[in-house]
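Student: Shown below is the structure under consideration.
2 protein chains.
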Amino acid sequence: MKLEMICTGEEILAGQVVDTNAAWLGERLMEQGIEMQRRVTVGDRLEDLVSVFQERSQSADVILVNGGLGPTEDDMSALAMAQAIGEGLVECAVWIERLEHWYASQGRTMPASNAKQALLPASAVMVDNPVGTACGFRVKLNKAWLFFTPGVPHEFKQMVDEQFIPFIVSEYNVTEKTQLHKLLTFGVGESSLADDLDKLVIPEGITLGYRSTMPHIEIKLFARGEQAASVLSETVEKVKTVLGDSLVSDRHSSLAAEVNQRLLEQGKSLSIAESCTMGGMANELLVQPNSAEYFHQAVIAINDASKKQLLNITTEIFEKYGATSIEMAVAMARSVRQPLDSDYALAISDIAEVEVDRRQRITVSIALVSQNNVWHQTIDIPFRRPEMFRSICAAVAYDMLRRALLGSPPIVTYPFIRRC
Amino acid sequence: MKLEMICTGEEILAGQVVDTNAAWLGERLMEQGIEMQRRVTVGDRLEDLVSVFQERSQSADVILVNGGLGPTEDDMSALAMAQAIGEGLVECAVWIERLEHWYASQGRTMPASNAKQALLPASAVMVDNPVGTACGFRVKLNKAWLFFTPGVPHEFKQMVDEQFIPFIVSEYNVTEKTQLHKLLTFGVGESSLADDLDKLVIPEGITLGYRSTMPHIEIKLFARGEQAASVLSETVEKVKTVLGDSLVSDRHSSLAAEVNQRLLEQGKSLSIAESCTMGGMANELLVQPNSAEYFHQAVIAINDASKKQLLNITTEIFEKYGATSIEMAVAMARSVRQPLDSDYALAISDIAEVEVDRRQRITVSIALVSQNNVWHQTIDIPFRRPEMFRSICAAVAYDMLRRALLGSPPIVTYPFIRRC
Numbered sequence: 001m002k003l004e005m006i007c008t009g010e011e012i013l014a015g016q017v018v019d020t021n022a023a024w025l026g027e028r029l030m031e032q033g034i035e036m037q038r039r040v041t042v043g044d045r046l047e048d049l050v051s052v053f054q055e056r057s058q059s060a061d062v063i064l065v066n067g068g069l070g071p072t073e074d075d076m077s078a079l080a081m082a083q084a085i086g087e088g089l090v091e092c093a094v095w096i097e098r099l100e101h102w103y104a105s106q107g108r109t110m111p112a113s114n115a116k117q118a119l120l121p122a123s124a125v126m127v128d129n130p131v132g133t134a135c136g137f138r139v140k141l142n143k144a145w146l147f148f149t150p151g152v153p154h155e156f157k158q159m160v161d162e163q164f165i166p167f168i169v170s171e172y173n174v175t176e177k178t179q180l181h182k183l184l185t186f187g188v189g190e191s192s193l194a195d196d197l198d199k200l201v202i203p204e205g206i207t208l209g210y211r212s213t214m215p216h217i218e219i220k221l222f223a224r225g226e227q228a229a230s231v232l233s234e235t236v237e238k239v240k241t242v243l244g245d246s247l248v249s250d251r252h253s254s255l256a257a258e259v260n261q262r263l264l265e266q267g268k269s270l271s272i273a274e275s276c277t278m279g280g281m282a283n284e285l286l287v288q289p290n291s292a293e294y295f296h297q298a299v300i301a302i303n304d305a306s307k308k309q310l311l312n313i314t315t316e317i318f319e320k321y322g323a324t325s326i327e328m329a330v331a332m333a334r335s336v337r338q339p340l341d342s343d344y345a346l347a348i349s350d351i352a353e354v355e356v357d358r359r360q361r362i363t364v365s366i367a368l369v370s371q372n373n374v375w376h377q378t379i380d381i382p383f384r385r386p387e388m389f390r391s392i393c394a395a396v397a398y399d400m401l402r403r404a405l406l407g408s409p410p411i412v413t414y415p416f417i418r419r420c
Numbered sequence: 421m422k423l424e425m426i427c428t429g430e431e432i433l434a435g436q437v438v439d440t441n442a443a444w445l446g447e448r449l450m451e452q453g454i455e456m457q458r459r460v461t462v463g464d465r466l467e468d469l470v471s472v473f474q475e476r477s478q479s480a481d482v483i484l485v486n487g488g489l490g491p492t493e494d495d496m497s498a499l500a501m502a503q504a505i506g507e508g509l510v511e512c513a514v515w516i517e518r519l520e521h522w523y524a525s526q527g528r529t530m531p532a533s534n535a536k537q538a539l540l541p542a543s544a545v546m547v548d549n550p551v552g553t554a555c556g557f558r559v560k561l562n563k564a565w566l567f568f569t570p571g572v573p574h575e576f577k578q579m580v581d582e583q584f585i586p587f588i589v590s591e592y593n594v595t596e597k598t599q600l601h602k603l604l605t606f607g608v609g610e611s612s613l614a615d616d617l618d619k620l621v622i623p624e625g626i627t628l629g630y631r632s633t634m635p636h637i638e639i640k641l642f643a644r645g646e647q648a649a650s651v652l653s654e655t656v657e658k659v660k661t662v663l664g665d666s667l668v669s670d671r672h673s674s675l676a677a678e679v680n681q682r683l684l685e686q687g688k689s690l691s692i693a694e695s696c697t698m699g700g701m702a703n704e705l706l707v708q709p710n711s712a713e714y715f716h717q718a719v720i721a722i723n724d725a726s727k728k729q730l731l732n733i734t735t736e737i738f739e740k741y742g743a744t745s746i747e748m749a750v751a752m753a754r755s756v757r758q759p760l761d762s763d764y765a766l767a768i769s770d771i772a773e774v775e776v777d778r779r780q781r782i783t784v785s786i787a788l789v790s791q792n793n794v795w796h797q798t799i800d801i802p803f804r805r806p807e808m809f810r811s812i813c814a815a816v817a818y819d820m821l822r823r824a825l826l827g828s829p830p831i832v833t834y835p836f837i838r839r840c
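Chains as they are written, first to last, in our numbering: chain A, 1 to 420; chain B, 421 to 840.
In structure tokens form, the structure reads like this:
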């Protein structure tokens, strides 16, 4: 079965709205082992719609069309489809009745413009929409079924789950088993990972994909078919062995989510002190579900006076070691850990700009302290964009904590980050 | 000129990544008065890529292709393009040299897989990428120029701005004068804004658009042609009058950016204490450029012990008023302001869950203090998603500060937020 999607709407084509329906559908279908072949996005011009319906119906088997079913003039999916087949629009009596009933139940009269939403191409089969005023419909042109869905996300999603997926599963006998496993890595570039993993023999039916979610690379193992699915977990293990220390999560797509879950599972508390990371390190963890269960406090001390006052950093540390030193990071971590006797505290110092081999680079010190231990490192990163720099710092810090929670040495070598 | 975009990548087609590059491009082109006709998204299958290149090059004049230039096997844009033209891949000597030089400057040897990134179709013109290892290229097939760009967002954006737009402007003589003005609003829904603005007479050639960037609505006035551009600023003034208190910035797309600039311009310092907003309020301001010039400190006190220890909140406040009270927010703001005598401090209390009219809602108290003044309010918001709740809280707090900096009363009524 060749499946495609057509997204309509000027606001999506012109970028004023990011097309989250399309992304959601892709994921939903993939979970069912159904692959999408192509997605076409067009604006609200009638002739563009007519031509894309005619054109795509010659190569696809099923086309899910999204949007253009509203009551206003720029909603013209039904009209375009009728023209593409060469037939008229006919009022769908069932839907008109539903609309009138719904408005009456709200004590309102149906606005005239809504009647348009019951006009469907003559040969269309109506598709119910229990949560909105736009019904869906499906219609056959050339070799394809075109299946029309509303643009409103929650209406769209319900129609896909309750009507579209059951329709294609029964119509096209989709039964192939598929499975997806994701692994999150940190500290190694995509090309080096690929060089290493290329040496593995990957069983037929399993494909390896890479996705860069800076500063991470996510590795995806996708198994298609019963046989491939049956050897997926042993393939995952082989890949994990090759990844070694660069593997930072085999269940989450972010290190913050991984650390959040470990802290919750182990019932350990955490405090954070930061400076150059601008509160991003605490915030990224705090937005994870249930973070308030383990998170004690965070102090973002931007200037020196604030480090002295809020974190009790001594003049000696400033004068002898400086704001960018290991000593500073350790003192910040100790100070933020102490008041509530948190199990762990993480701290990141200010940054030092340094010239290494005639290139501008920056170094930053990161400390992790627990009741009885202190770990620290100074890393050296090329400074490109501030967000990138901040997420690398947070990732190194989270990874130190993750390894400590696992009982492993918190400090490892990341090939793409230099340690001083 | 007929312009189309082809987005490549299994992760985009399958929905694991939302295609923000496509949305960004649409907006960027619109600002230049250039309209996109169609967008096609395909996965990483060689035959799909070859056929979409061949097919679209028969109707478009320019096709921007995004993605598939990376070092790994699933990156196959160059190979597919070469096959679509019927020519071979040739190593681009300039680019290989650049890659080797770059790796050498990092003290590393170039991984073997990167060499692939210098293989371009024989007739391609290389397009420089000063910030990444994937060069772009352009190539002519049938009537179209196909212009290949990397998928990494910051590399993509820089290439579009510095190379793609200048190329199409010169090649296709795009000269129509266009101008765009954006206004950021807060506190009024899109349909109410539209009802109010519908009463204005907007000059021909100017279109009014709405874009929801929750919790804000951005209003865009787009002028096409010399005449429309000449009356844009007076139209903007009329719109601003209608917007009244709901206008929160006429130069920035976020309230944090607006407040950041005002604090910098006025040389005022700020500290923040937060709880239920999880550090998001401080972080959103701190990631703005030069925020360290005015930002003193932020304390994120998640639990009560931390409020007592770090913010010196008295037992009396806890017992008499509680963690969600106005008194708590004011005490937090005073406490975080005091150590460095900051000009302003903002604080947000914990949330209280309440039942209003048999619906679950939440209330939260927000305080702004300066050396001599205290302002505070308790707002009542329906609780849907936590991120939405947090950004509404931060927006109300920022807007209080913005109004104070302007010398206006910091507390106003927002139609879609209830005040207790």
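Glycine included, C-beta positions come from ideal geometry on N, C-alpha and C.
1) Compare the C-beta of residue 768 of chain B against all C-beta atoms of chain A and say whether one is closer than 8 Å.
2) Is residue 287 of chain A buried or exposed, if buried means 16 or more other CB atoms sit within 10 Å of its CB?
3) If I'm right that residue 422 of chain A touches residue 703 of chain B with Cβ under 8 Å, what's the distance once you round it to whole angstroms?
4) On the three-state DSSP scale, how would you describe residue 58 of chain A?
5) Nearest CA to the CA of residue 829 of chain B: which residue from B/793, B/811, B/640 and B/839?
6) Determine the direct distance from the alpha carbon of residue 728 of chain B to that of residue 841 of chain B, and round the result to whole angstroms.
7) At the 8 Å Cβ level, is residue 729 of chain B part of the contact set with chain A, yes or no?
8) Where does residue 703 of chain B fall in DSSP's three states?
9) Starting from the beta carbon of residue 298 of chain A, find every residue of chain B whose beta carbon is closer than 7 Å, and list them in chain order.
10) With DSSP run on the structure shown, which of helix, strand or coil describes residue 100 of chain A?
11) With DSSP as the reference, label residue 425 of chain B as helix, strand or coil.
12) Rounded to whole angstroms, what's the CA-CA distance from residue 49 of chain A to residue 66 of chain A? Just pull it up for me.
13) Identify the residues that DSSP records as bridge partners of residue 773 of chain B: which are they?
14) Relative to the alpha-carbon of residue 534 of chain B, which residue among B/424, B/565 and B/492 has its alpha-carbon at the smallest distance?
15) Would you mind reading off the limits of the alpha helix (DSSP H) that contains residue 20 of chain A?
16) What residues in the segment 253 to 287 of chain A bring their beta carbon closer than 7 Å to a beta carbon of chain B?
17) Roughly how many angstroms separate the alpha carbons of residue 679 of chain B and residue 305 of chain A, rounded to a whole number?
18) How big is the Cα-Cα spacing for residue 759 of chain B and residue 790 of chain B?
19) When the distance is taken between beta carbons, is residue 329 of chain A closer than 8 Å to residue 301 of chain A?
20) According to the neighbour-count rule (16 or more other Cβ atoms, all chains shown, within 10 Å of its Cβ), is residue 241 of chain A buried or exposed?
21) What residues from the segment 434 to 448 of chain B come within 8 Å of chain A, judged by C-beta to C-beta, listed N to C?
22) What three-state label does DSSP hand residue 557 of chain B in the structure shown?
23) What span of residues does the beta strand (DSSP E) with residue 380 of chain A cover, start to end?
24) What number of angstroms, rounded off, separates the C-alpha of residue 667 of chain B from the C-alpha of residue 605 of chain B?
25) Quick check on the DSSP output: the alpha helix (DSSP H) that includes residue 82 of chain A runs from which residue to which?
26) I'd like the span of the alpha helix (DSSP H) that includes residue 577 of chain B, first residue to last.
27) Here's a check: name, in chain order, each residue in its chain whose Cβ is nearer than 7 Å to the Cβ of residue 523 of chain B, leaving out the five neighbours to either side.
28) Quick one: what does DSSP say residue 432 of chain B is sitting in, helix, strand or coil?
29) Is the Cβ of residue 41 of chain A closer than 8 Å to any Cβ of chain B?
30) Give the residues from the segment 190 to 210 of chain A that approach chain B closer than 7 Å (Cβ to any Cβ), ordered along the chain.
31) For residue 501 of chain B and residue 653 of chain B, I'd like the C-alpha separation in whole angstroms.
32) Could you give the residue range of the alpha helix (DSSP H) that holds residue 669 of chain B?
33) From the DSSP output, read off the bridge partner residues of residue 510 of chain B.
34) Consult DSSP for residue 303 of chain A and reduce its assignment to one of helix, strand or coil.
35) Below 8 Å between beta carbons: does that hold for residue 460 of chain B and residue 472 of chain B?
36) Would you tell me roughly how many angstroms separate the C-alpha atoms of residue 511 of chain B and residue 555 of chain B, rounded to the nearest one?
Tutor: Reading off the structure:
1) For residue 768 of chain B, the nearest beta carbon of chain A is not closer than 8 Å to its own beta carbon.
2) So residue 287 of chain A ends up on the buried side.
3) In the structure displayed, chain A extends from 1 to 420; residue 422 of chain A sits before or after that span and is not available.
4) Coil, per DSSP.
5) For the residues B/793, B/811, B/640 and B/839, the minimum Cα distance to residue 829 of chain B belongs to B/793.
6) Outside the shown range of chain B (421 to 840) lies residue 841 of chain B, about which nothing can therefore be said.
7) Yes, contact with chain A.
8) In the structure shown, residue 703 of chain B sits in a helix (DSSP, three-state: H, G or I).
9) Going along chain B in sequence order, the residues near residue 298 of chain A (Cβ under 7 Å) are 699 and 720.
10) Annotated three-state conformation of residue 100 of chain A is helix, per DSSP.
11) Strand.
12) Rounded to the nearest whole angstrom, the CA to CA distance from residue 49 of chain A to residue 66 of chain A is 12 Å.
13) Looking at the DSSP assignment, residue 773 of chain B forms a beta bridge with B/782.
14) With distances taken between CA atoms, residue 534 of chain B lies nearest to B/492 out of B/424, B/565 and B/492.
15) Unbroken alpha helix (DSSP H) run through residue 20 of chain A: 20 to 31.
16) Within the segment 253 to 287 of chain A, the residues whose Cβ lies closer than 7 Å to some Cβ of chain B are 278, 279, 280, 282, 283, 286 and 287, listed in chain order.
17) Approximately 23 Å, taken between the alpha carbons.
18) Taking the CA atoms as reference points, residue 759 of chain B sits about 13 Å from residue 790 of chain B.
19) No, Cβ-Cβ distance for residue 301 of chain A and residue 329 of chain A is not below 8 Å.
20) With fewer than 16 other Cβ atoms within 10 Å, it is exposed.
21) Sequence-ordered contacts of the segment 434 to 448 of chain B with chain A read 434, 435, 436, 437, 438, 439, 440, 442, 443, 444, 445, 446, 447 and 448 [C-beta pairs closer than 8 Å].
22) Of the three classes helix, strand and coil, the one that applies to residue 557 of chain B here is strand, per DSSP.
23) Note, residue 380 of chain A: beta strand (DSSP E), 374 to 382.
24) When only Cα atoms are considered, residue 667 of chain B and residue 605 of chain B end up about 4 Å apart.
25) Residues 77 to 85.
26) DSSP places residue 577 of chain B in the uninterrupted alpha helix (DSSP H) bounded by 573 to 579.
27) Excluding its 5 nearest sequence neighbours in each direction, residue 523 of chain B has C-beta neighbours in its own chain below 7 Å: 529 and 530, listed in chain order.
28) In this structure, residue 432 of chain B counts as helix in the three-state DSSP scheme.
29) By this cut-off, residue 41 of chain A is an interface position.
30) Taking a C-beta cut-off of 7 Å against chain B, the contacting residues of the segment 190 to 210 of chain A are 190, 191, 192, 194, 195, 209 and 210, listed in chain order.
31) When rounded, the separation of the alpha-carbon atoms in residue 501 of chain B and residue 653 of chain B is 46 Å.
32) Careful: residue 669 of chain B lies outside any alpha helix (DSSP H), inside the beta strand (DSSP E) at 667 to 669.
33) Secondary-structure assignment with DSSP links residue 510 of chain B through a beta bridge to B/540.
34) In the three-state scheme derived from DSSP, where H, G and I count as helix and E and B as strand, residue 303 of chain A is classed as coil.
35) It is a contact, given that the beta carbons lie within the stated cut-off.
36) If you draw a straight line from the Cα of residue 511 of chain B to the Cα of residue 555 of chain B, it is about 12 Å long.
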